[in-house]
Amino acid sequence: MPKKSFDAIFMHLATDLAFRSHCVKAQVGAVLTKDTRIISIGYNGPPAGTHNCDEEWPEQGCARDARGSCSLALHAEQNAILYAVKNGANLQGATLYVTLSPCLACARLIFSAGIAAVFYQNSYAAYKGFANDEGVDFLNRFGIPAKQYELVE
1049 MPKKSFDAIF MHLATDLAFR SHCVKAQVGA VLTKDTRIIS IGYNGPPAGT HNCDEEWPEQ
1109 GCARDARGSC SLALHAEQNA ILYAVKNGAN LQGATLYVTL SPCLACARLI FSAGIAAVFY
1169 QNSYAAYKGF ANDEGVDFLN RFGIPAKQYE LVE
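Structure representation (structure tokens):
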């Protein structure tokens, strides 16, 4: 039986992590790696110690901002990056695996953190009904390959 690639393993882990999310609208997971080692993980949701949307507002979730996004939540990639930085990890050259392509704000953070590549499973633009994936376009324009990754069982 052939061994799974690290890309497949990390994307499967990101998919599993998404189930930890307390968001009632979308569950997103992220895995941050370097040299085939996991640096950090994350999933979308409010900052630790604040609210759990699925517990406090199980029907509608938390309030929405002007673009229809959660007003309380950090995105999965933000949580993974923040935890890594908080613990002193060097992100230069790291790879990010995420179940939903980065939004523009997350793409700027990914670029600024020195992350070298991004693999995503689903399109943020398709999920939100936008014309294009601004975050993916931003990353690719500035030399960080952001590619859709199709999981094969």
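For the sequence shown, our numbering begins at 1049 and goes up steadily by one.
Cβ atoms here follow ideal geometry from the backbone N, Cα and C, with glycine treated the same way.
| Item | Value |
| --- | --- |
| Taking Cβ to Cβ, would you say Thr1143 is nearer than 7 Å to Val1076? | no |
| Can you tell me whether Ala1165 is helix, strand or coil according to DSSP? | strand |
| Rounded to whole angstroms, what is the Cα-Cα separation between Phe1058 and Glu1104? | 31 Å |
| Kindly indicate which three-state DSSP category Ala1174 falls into: helix, strand or coil? | helix |
| List the DSSP bridge partners of Val1079. | Ile1089, Tyr1145 |
| Would you tell me roughly how many angstroms separate the C-alpha atoms of Ala1121 and Ala1111, rounded to the nearest one? | 10 Å |
| Keeping to the same chain, check which residues put their C-beta closer than 7 Å to that of Phe1202; ignore five residues upstream and five downstream. | Residue 1202 is absent from the model: the chain starts at 1049 and stops at 1201. |
| Hey, Asp1102 and His1070: beta-carbon distance below 7 Å or not? | yes |
| Among Ser1053, Lys1073, Val1079, Phe1054, whose alpha-carbon lies nearest the alpha-carbon of Asp1064? | Val1079 |
| Would you check if the segment 1085–1094 and the segment 1188–1198 touch, i.e. whether three or more CB-CB distances between them fall below 8 Å? | no |
| Please classify Val1166 as buried or exposed, where buried requires at least 16 neighbouring CB atoms within 10 angstroms. | buried |
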